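Have a look at the structure below before the remarks.
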Amino acid sequence: ESFGRTMMTTLLKLMAGKVLADSIAAVHVIRESGLDYTIVRAPRLTDGAHVGEYKTGIFQMGGRSTISRADAADFMLKQIQDKQYVCQAPMISY
């Protein structure tokens, strides 16, 4: 685990511990539901333009990783038809 990720997790626990705990609980409920799901894990969202090109899957995100809301929405909408990440939690970033 990278230093940046450890630091970010520590800061989240200190500053928004309840939000983080709620998020973890929600993921647990979704995974145990028996339904098909895709949990999209995104870094800091920006108001940038829709680019249409981004990384997806399991990879290391740094503290400066971002993606526009438009591209995050693009990926989520594509998952309605694309079954590549069913019952997974892929990351998405530039």
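Going by the working numbering, 38 is the number at position 47 of the sequence shown; the sequence numbering is gapless.
C-beta atoms are modelled at their ideal positions from N, C-alpha and C, and glycine is treated no differently.
Note that the structure is a prediction, hence the values are computed from the model and not measured.
| Item | Value |
| --- | --- |
| Contact under 8 Å by Cβ, Ser84 with Ser56 | yes |
| Whole-angstrom distance between Asp65 and Gly39, CA atom to CA atom | 13 Å |
| Reduced DSSP secondary structure (H/G/I, E/B, other) of Lys46 | strand |
| Contact under 8 Å by Cβ, Pro81 with Val31 | yes |
| Local conformation of Arg55 per DSSP, three classes | coil |
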